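Novice: Per the working numbering: the sequence shown ends with 953, consecutive numbering throughout.
Just so you know, even glycine gets a beta-carbon here, dropped at the ideal spot from N, CA and C.
Keep in mind that this is a model prediction, so the values were computed, not measured.
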Amino acid sequence: MDALILECREENGFDRHQEPVELGIPLACGQLRSCDSIELQNPDTGATFVSQARPLAHWPDGSIRWFALTTLLDIKAVSTQQLKLVLSGQSQPTDESLSPVVSATSIALDTGKLHLELAPDKPEWTVGKNPDSRVTHRLGLQDEHGNLCTAHMDQPWKVMETGSVCTVFSCQGGWKLQDQSTLARFHCRLTAFRNSEDIRVEVAIHNPQRAAHPDGLWDLGDPGSIHFRALTITATLASPESSWLRPEPDTSPLEQPGNSALYLYQDSSGGDNWNSRNHIGANGNLLPQFRGYRVYGDTDRLAEGQRAEPVAGLRGSGVQVSAALQHFWENFPSAIGYRDLALVVGLFPEDSAACHELQGGERKTQIAWFHYGNRQDALNRVFRPLQPQLPSRHYEQSGAFPWFSASGGRTPLDGLIQDGLDPDRGFLAKRETIDEYGWRNFGDIFADHESLYLDPGEPPFISHYNNQYDAIYGFARQYARTGDPRWFTLMDELARHVADIDIYHTDSDRDEYNGGLFWHTDHYLDAHTATHRTYSRHNSTSSIPDQTGGGPAAEHCYSTGLLYHYFLTGNPDSRDAVLKLARWIRHSHEGRGGLLEQLLAFKKHELPALKALLRGTPASRHTYPFTRGTGNYINTLLDAYILEPANDWLHQAEAVIHDTIHPADPIEERHLLNAETGWSYLVLLTALARYLVLKSENRNFDAHYHYARASFRHYTRWMLDNEHPFLDTPDQLEFANHTWVAQDIRKAMLMHQAAWFDPELKERYQERANEWLDYVCQTLEQSQERHFSRIQAILLQNHGPHQATLALAPEATEEGPIAELQLGIAGPLTWAGLLRRITRRVWRGIRTFRPARERAWLTARLGVK
Numbered sequence: 089m090d091a092l093i094l095e096c097r098e099e100n101g102f103d104r105h106q107e108p109v110e111l112g113i114p115l116a117c118g119q120l121r122s123c124d125s126i127e128l129q130n131p132d133t134g135a136t137f138v139s140q141a142r143p144l145a146h147w148p149d150g151s152i153r154w155f156a157l158t159t160l161l162d163i164k165a166v167s168t169q170q171l172k173l174v175l176s177g178q179s180q181p182t183d184e185s186l187s188p189v190v191s192a193t194s195i196a197l198d199t200g201k202l203h204l205e206l207a208p209d210k211p212e213w214t215v216g217k218n219p220d221s222r223v224t225h226r227l228g229l230q231d232e233h234g235n236l237c238t239a240h241m242d243q244p245w246k247v248m249e250t251g252s253v254c255t256v257f258s259c260q261g262g263w264k265l266q267d268q269s270t271l272a273r274f275h276c277r278l279t280a281f282r283n284s285e286d287i288r289v290e291v292a293i294h295n296p297q298r299a300a301h302p303d304g305l306w307d308l309g310d311p312g313s314i315h316f317r318a319l320t321i322t323a324t325l326a327s328p329e330s331s332w333l334r335p336e337p338d339t340s341p342l343e344q345p346g347n348s349a350l351y352l353y354q355d356s357s358g359g360d361n362w363n364s365r366n367h368i369g370a371n372g373n374l375l376p377q378f379r380g381y382r383v384y385g386d387t388d389r390l391a392e393g394q395r396a397e398p399v400a401g402l403r404g405s406g407v408q409v410s411a412a413l414q415h416f417w418e419n420f421p422s423a424i425g426y427r428d429l430a431l432v433v434g435l436f437p438e439d440s441a442a443c444h445e446l447q448g449g450e451r452k453t454q455i456a457w458f459h460y461g462n463r464q465d466a467l468n469r470v471f472r473p474l475q476p477q478l479p480s481r482h483y484e485q486s487g488a489f490p491w492f493s494a495s496g497g498r499t500p501l502d503g504l505i506q507d508g509l510d511p512d513r514g515f516l517a518k519r520e521t522i523d524e525y526g527w528r529n530f531g532d533i534f535a536d537h538e539s540l541y542l543d544p545g546e547p548p549f550i551s552h553y554n555n556q557y558d559a560i561y562g563f564a565r566q567y568a569r570t571g572d573p574r575w576f577t578l579m580d581e582l583a584r585h586v587a588d589i590d591i592y593h594t595d596s597d598r599d600e601y602n603g604g605l606f607w608h609t610d611h612y613l614d615a616h617t618a619t620h621r622t623y624s625r626h627n628s629t630s631s632i633p634d635q636t637g638g639g640p641a642a643e644h645c646y647s648t649g650l651l652y653h654y655f656l657t658g659n660p661d662s663r664d665a666v667l668k669l670a671r672w673i674r675h676s677h678e679g680r681g682g683l684l685e686q687l688l689a690f691k692k693h694e695l696p697a698l699k700a701l702l703r704g705t706p707a708s709r710h711t712y713p714f715t716r717g718t719g720n721y722i723n724t725l726l727d728a729y730i731l732e733p734a735n736d737w738l739h740q741a742e743a744v745i746h747d748t749i750h751p752a753d754p755i756e757e758r759h760l761l762n763a764e765t766g767w768s769y770l771v772l773l774t775a776l777a778r779y780l781v782l783k784s785e786n787r788n789f790d791a792h793y794h795y796a797r798a799s800f801r802h803y804t805r806w807m808l809d810n811e812h813p814f815l816d817t818p819d820q821l822e823f824a825n826h827t828w829v830a831q832d833i834r835k836a837m838l839m840h841q842a843a844w845f846d847p848e849l850k851e852r853y854q855e856r857a858n859e860w861l862d863y864v865c866q867t868l869e870q871s872q873e874r875h876f877s878r879i880q881a882i883l884l885q886n887h888g889p890h891q892a893t894l895a896l897a898p899e900a901t902e903e904g905p906i907a908e909l910q911l912g913i914a915g916p917l918t919w920a921g922l923l924r925r926i927t928r929r930v931w932r933g934i935r936t937f938r939p940a941r942e943r944a945w946l947t948a949r950l951g952v953k
């Protein structure tokens with residue numbers, strides 16, 4: 089590729105001036121080795137845009153796989169700007185990088201328009217050199233009694249990235265109470281831009297404590313929760329003269345003198361269901377007090393409305409500052425305006441009816457923008473940011489996604505997936521049903537399928553989908569295929585929600601929970617006060633027989649969407665989330681070591697096998713279950729490998745494959761046709777197909793590759809002769825609904841994938857694939873359930889292999905050596921094999937025994953604080 093044309097469309101009716109845009113761009117293997125040889129041009133004039141690039145991932149040969157590109161754009165209202173990306177292969181002359189000046193007392197940066205200084209030991213910064221015209225910013229937290237906490241920085245401000253376009257600073261630390269105990273942690277990222285009057289501030293508040301979760305129940309009011317009154321960013325001037333506030337884009341600004349308040353508070357979403365049961369507190373009471381927002385002066389209510397997208401400003405002598413909070417009404421309660429002689433951005437405002445509760449291991453990240461010029465419309469863009477687009481063909485040609493085609497044309501499956509954008513029942517529309525808004529909910533998907541069995545007229549369950557079946561990944565693929573920005577919006581908002589709320593951000597609980605991903609909320613039941621965590625004390629039963637409690641589990645680990653969110657946006661939080669999930673799922677399966685841990689693992693795994701052998705009952709020789717849990721384990725290890733190819737993630741994936749499947753397995757002993765218990769083997773085989781693609785991309789056709797391919801072929805050939813639609817045997821299913829029809833798409837796509845890796849039976853595979861895909865599409869086209877979130881997510885996740893083409897090397901389908909990997913034979917576990925497993929486990933327990941580790945392990949399991 090010599091040049092690539094990007095397109096950026098302004099569709100909201102206002103001019104953009106030096107608006108920062110960032111996007112991720114994939115490259116084919118071997119195409120580029122250094123970001124220094126990237127240039128961004130105007131294709132009409134040849135003029136060069138100032139741009140900044142950083143690699144996000146590399147191919148095994150060291151070339152760049154994905155990179156993030158940042159630039160500043162001027163675009164007129166309702167117009168299109170094309171950008172020409174040139175990869176010259178040679179280093180390009182670039183504008184001089186922004187150069188922070190670091191001293192013992194501050195970090196300073198001149199952007200060309202602003203002078204920024206950061207206090208090294210506080211989450212504070214100033215803009216402006218002259219004390220009389222300086223703007224001072226402070227991040228502050230009030231405890232539940234309204235007392236201001238003290239910030240202690242354990243990672244002072246440091247430069248995370250600098251270049252021709254922007255410099256990114258980061259700090260983190262803890263908020264201390266008066267007794268010096270830590271209430272919460274914070275993380276702050278601040279971005280300043282070349283010749284720009286804007287800065288971007290990203291703030292995360294985090295409760296690192298574990299939840300007590302008695303009996304595996306995760307309700308609000310848990311002892312591990314923290315409560316606080318407010319989290320704000322304040323901006324102050326030496327001599328404030330007047331303030332202004334514009335509540336919505338089409339409203340005129342309100343103005344007040346510097347001795348009077350002007351403050352907007354958003355108490356609820358403002359939607360028709362603003363008082364939904366989705367917004368209850370720990371005692372079950374409704375938290376929102378009124379619909380929408382209100383604007384206050386000192387004593388009077390000046391205005392009110394439903395959904396604010398406000399910008400507030402403050403003027404002083406020779407200086408002014410304005411601010412906006414991204415996703416303001418969606419993340420209610422929110423506030424902004426002038427009060428107590430400061431411009432206040434209320435990330436968590438003190439005006440809410442009750443203190444804010446952050447559950448154990450929960451985090452929330454919000455983004456504020458500040459402008460230091462005199463344009464009152466400068467921050468309008470915060471609520472409608474530009475999103476440059478790449479041609480879908482480029483994603484295909486670069487190998488950005490597996491099984492991806494840009495030119496497949498619209499198929500019946502595409503028509504079903506398009507329901508996800510339907511204005512009346514698509515993903516964005518169904519948020520309104522249960523008012524899936526508020527800081528904890530925004531971005532998540534309403535699990536409308538859980539209300540399927542309610543009687544007519546009953547209110548829907550409050551049920552959250554989290555990221556089951558990796559809806560983030562499905563949204564990312566559709567955005568790449570279609571360029572429709574609504575898919576990007578769904579991807580971005582869900583990814584941010586998952587990275588903050590659905591991942592259990594603690595290391596103080598059990599290893600099988602720490603850093604894990606919470607399930608969707610309980611099937612066919614109301615979430616009550618469990619928020620986005622699976623089980624509530626208010627439900628005495630569960631959809632899962634004999635289980636009414638539990639925590640994050642490997643059966644529900646979906647990381648690939650977060651990987652692609654990182655690639656498409658450059659957001660480092662998503663990268664961190666992928667690696668956190670990889671470490672968690674590895675610890676869940678392998679443990680961290682320690683004698684007590686190994687004894688428990690023996691009880692769970694080897695003792696049942698020992699009893700089976702004593703009874704004369706066959707026991708599987710495989711270490712890992714033949715389920716989606718193992719499939720998700722393999723898939724997450726592959727995601728981590730793409731981010732960190734030098735680590736042992738791929739080797740671990742190959743070890744898991746070897747201890748899960750065999751080219752000569754007696755498949756009938758797996759009982760895979762018992763749909764309720766066996767269906768998820770399809771997820772495992774799909775992960776195996778992805779492993780084969782990844783190894784093929786790397787041209788690494790070693791014994792591990794051929795072992796996996798032979799195993800994959802063994803099972804897909806069995807599928808040809810034995811598999812059938814799930815609803816052919818409805819008596820096996822607890823809930824025989826059309827979710828099972830959607831799950832059949834996995835079989836169709838596996839047949840398409842098998843046609844590539846087992847070309848000897850290519851025509852049979854394709855025939856069966858088309859037969860099953862036609863069945864899925866034709867059945868769902870007539871179904872009243874086709875728009876349900878779970879069905880849509882399954883279709884999105886599995887879209888692609890029916891249209892994709894692969895350029896496989898000849899070695900990919902040739903027979904290769906695997907003998908050295910076939911330790912033992914397929915079939916039941918033998919006494920010798922069990923003895924080897926027990927010996928390994930005992931040796932590991934002894935080798936990793938440490939008294940402190942044993943105490944910590946026992947403390948976490950007993951829930952001792």
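Under the rule that 16 or more other beta-carbon atoms within 10 Å means buried, what is residue 452, buried or exposed?
Specialist: For the purposes of this step, residue 452 is identified with residue 364 of the sequence shown, where counting begins at 1. Counting Cβ neighbours within 10 Å, residue 452 comes out buried, since at least 16 surround it.
Novice: What does the alpha-carbon distance come out to for the pair residue 1010 and residue 810?
Specialist: In the structure as shown, the chain begins at 89 and stops at 953. Residue 1010 is therefore absent and cannot be evaluated.
Novice: Is the segment 538–553 in contact with the segment 443–450, if contact means three or more CB pairs nearer than 8 angstroms?
Specialist: The segment 538–553, when compared against the segment 443–450, does not touch it at the 8 angstroms Cβ threshold.
Novice: Please state whether DSSP places residue 718 in a helix, a strand or coil.
Specialist: On the sequence shown, residue 718 is found 630 positions in, with the first residue counted as 1. Residue 718: helix per DSSP, three-state reduction.
Novice: Alpha carbon to alpha carbon, how far is residue 480 from residue 570? Give it in angstroms, no decimals.
Specialist: The count along the sequence shown starts at 1 and reaches residue 570 at position 482. The count along the sequence shown starts at 1 and reaches residue 480 at position 392. So the alpha carbons of these two residues sit roughly 7 angstroms apart.
Novice: Nearest-angstrom Cα distance between residue 579 and residue 800?
Specialist: On the sequence shown, position 491 is the one that residue 579 refers to. On the sequence shown, position 712 is the one that residue 800 refers to. Cα-Cα distance, rounded: 31 angstroms.
Novice: Which value, in whole angstroms, describes the spacing of the CA atoms of residue 522 and residue 821?
Specialist: Stepping through the sequence shown from its first residue, residue 522 is reached at position 434. Stepping through the sequence shown from its first residue, residue 821 is reached at position 733. One C-alpha to the other measures close to 29 angstroms.
Novice: What number of angstroms, rounded off, separates the C-alpha of residue 944 from the C-alpha of residue 303?
Specialist: Residue mapping note: residue 944 aligns to position 856 of the sequence shown, counting from 1. Residue mapping note: residue 303 aligns to position 215 of the sequence shown, counting from 1. Roughly 20 angstroms between the two C-alpha positions.
Novice: How long is the line joining the alpha carbons of residue 278 and residue 422, rounded to whole angstroms?
Specialist: Taking the first residue of the sequence shown as position 1, residue 278 is located at position 190. Taking the first residue of the sequence shown as position 1, residue 422 is located at position 334. In a straight line, the C-alpha of residue 278 is about 20 angstroms away from that of residue 422.
Novice: Which residues mark the beginning and the end of the alpha helix (DSSP H) in which residue 666 is found?
Specialist: Taking the first residue of the sequence shown as position 1, residue 666 is located at position 578. Segment 660–678, the alpha helix (DSSP H) holding residue 666.
Novice: Just to confirm my understanding: we take residue 839, look at its own chain, exclude 5 residues before and 5 after, and list those with CB closer than 6 angstroms. What are they?
Specialist: The sequence position of residue 839 within the sequence shown is 751, counting from 1. Counting only Cβ-Cβ distances below 6 angstroms, and skipping sequence neighbours, we find 853, 856, 857.
Novice: Taking the beta strand (DSSP E) that residue 172 falls in, what are its first and last residues?
Specialist: The count along the sequence shown starts at 1 and reaches residue 172 at position 84. Looking at the DSSP string, the run of the beta strand (DSSP E) that includes residue 172 is 168–175.
Novice: In the structure shown, what three-state DSSP assignment does residue 104 receive?
Specialist: To locate residue 104, count along the sequence shown from 1; it is residue 16. Strand.
Novice: Give every residue of the same chain whose Cβ lies closer than 7 angstroms to the Cβ of residue 762, excluding the five residues on either side of it in the sequence, and list them in chain order.
Specialist: The residue given as residue 762 occupies position 674 in the sequence shown. Excluding residues within five positions, the ones whose Cβ falls inside 7 angstroms are 820.
Novice: Alpha carbons only, please: which of 593, 284, 431 is nearest the one belonging to residue 327?
Specialist: Stepping through the sequence shown from its first residue, residue 327 is reached at position 239. The shortest C-alpha separation from residue 327 is found at 431.
Novice: Do you know offhand how far residue 502's Cα is from residue 508's?
Specialist: Locating residue 502 in the sequence shown gives position 414, where the first residue counts as 1. Locating residue 508 in the sequence shown gives position 420, where the first residue counts as 1. Rounded to whole angstroms, residue 502 to residue 508 spans 10 angstroms at the Cα level.
Novice: Please classify residue 699 as buried or exposed, where buried requires at least 16 neighbouring CB atoms within 10 angstroms.
Specialist: Counting from one through the sequence shown, the residue named residue 699 turns up at place 611. Its Cβ having fewer than 16 others within 10 Å, residue 699 is exposed.
Novice: Give a yes or no on whether the C-beta atoms belonging to residue 352 and residue 425 are separated by under 9 angstroms.
Specialist: The residue labelled residue 352 in the question sits at position 264 within the sequence shown. The residue labelled residue 425 in the question sits at position 337 within the sequence shown. Contact: yes.
Novice: Just to confirm the assignment: which complete alpha helix (DSSP H) runs, minimum length 4, are found wholly within the segment 689–760?
Specialist: Those alpha helix (DSSP H) runs which fall completely within the segment 689–760 and span 4+ residues are 695–703, 716–731, 737–746.
Novice: Taking the alpha helix (DSSP H) that residue 537 falls in, what are its first and last residues?
Specialist: As a position in the sequence shown, residue 537 is number 449, starting the count at 1. No alpha helix (DSSP H) contains residue 537, which DSSP labels as neither H nor E.
Novice: What do you get for residue 872, buried or exposed, if any count of 16 or more other CB atoms within 10 angstroms of its CB means buried?
Specialist: Walking along the sequence shown from the start, residue 872 turns up at place 784. Classification for residue 872: exposed.
Novice: So residue 440 and residue 540 are in contact, right, with Cβ under 8 angstroms, and what is the actual spacing, rounded?
Specialist: In the sequence shown, residue 440 corresponds to position 352, counting from 1. In the sequence shown, residue 540 corresponds to position 452, counting from 1. Not quite, the Cβ-Cβ distance comes to about 34 angstroms (not below 8 angstroms), so this is no contact.
Novice: Return yes when the Cβ of residue 469 is within less than 9 angstroms of the Cβ of residue 121, no when it is not.
Specialist: The residue labelled residue 121 in the question sits at position 33 within the sequence shown. The residue labelled residue 469 in the question sits at position 381 within the sequence shown. Not in contact: residue 121 and residue 469 (Cβ atoms no closer than 9 angstroms).
Novice: Out of 890, 545, 459, 745, which has the shortest C-alpha to C-alpha gap to residue 403?
Specialist: For this step, residue 403 is matched to residue 315 along the sequence shown. Of the listed residues, the one whose Cα sits closest to residue 403 is 459.
Novice: By the three-class DSSP mapping on this structure, what secondary structure does residue 452 have?
Specialist: To locate residue 452, count along the sequence shown from 1; it is residue 364. Residue state, collapsed to three classes: strand.
Novice: In whole angstroms, what separates the C-alpha of residue 946 from that of residue 884?
Specialist: For this step, residue 946 is matched to residue 858 along the sequence shown. For this step, residue 884 is matched to residue 796 along the sequence shown. If I take the Cα positions, the gap works out to 42 angstroms.
Novice: Our contact map puts residue 604 next to residue 640 with C-beta atoms below 8 angstroms; I'd like the distance itself, whole angstroms only.
Specialist: Numbered from its first residue, the sequence shown carries residue 604 at position 516. Numbered from its first residue, the sequence shown carries residue 640 at position 552. Rounded, the Cβ-Cβ distance is 3 angstroms, consistent with contact.
Novice: Looking only at C-alpha atoms, which of 566, 926, 827, 474 sits nearest to residue 494?
Specialist: Locating residue 494 in the sequence shown gives position 406, counting from the first residue. Of 566, 926, 827, 474, the residue nearest in Cα terms is 566.
Novice: Taking the alpha-carbon of residue 814 as reference, which of 804, 803, 833 has the nearest alpha-carbon?
Specialist: As a first step, residue 814 must be located in the sequence shown, where it is residue number 726. Cα-wise, what sits closest to residue 814 is 833.
Novice: Quick one, which of 148, 111, 112 has its alpha-carbon nearest residue 788's?
Specialist: As a working note, residue 788 is residue 700 in the sequence shown. Among 148, 111, 112, the Cα nearest to that of residue 788 is on 148.
Novice: Label residue 913 either buried or exposed according to how many other C-beta atoms from any shown protein chain fall within 10 Å of its C-beta, with 16 as the threshold for buried.
Specialist: The sequence position of residue 913 within the sequence shown is 825, counting from 1. Per-residue confidence for residue 913 stands at a pLDDT of 48, beneath the threshold of 50, marking its modelled position as unreliable; the derived number appears in the next sentence. With fewer than 16 other Cβ atoms within 10 Å, it is exposed.
Novice: Looking at C-beta atoms only, is the number of pairs between the segment 223–238 and the segment 308–319 that lie closer than 8 angstroms three or more?
Specialist: Yes, the segment 223–238 touches the segment 308–319.
Novice: Need the endpoints of the beta strand (DSSP E) that residue 850 sits in, please.
Specialist: Working through the sequence shown from its first residue, we reach residue 850 at position 762. Careful: residue 850 lies outside any beta strand (DSSP E), inside the alpha helix (DSSP H) at 850–869.
Novice: Buried or exposed: residue 433, going by 16 or more other Cβ atoms within 10 Å of its Cβ?
Specialist: In the sequence shown, counting from the first residue as 1, residue 433 sits at position 345. By the 10 Å Cβ count, residue 433 comes out buried.
Novice: Going by DSSP, which residues form a beta bridge with residue 413?
Specialist: Position 325 of the sequence shown, counted from the first residue, corresponds to residue 413. Looking at the DSSP assignment, residue 413 forms a beta bridge with 456.
Novice: Going along the chain, which unbroken runs of the beta strand (DSSP E) with 3 or more residues stay wholly within the segment 211–249?
Specialist: Within the segment 211–249, the complete beta strand (DSSP E) runs of at least 3 residues are 212–215, 223–231.
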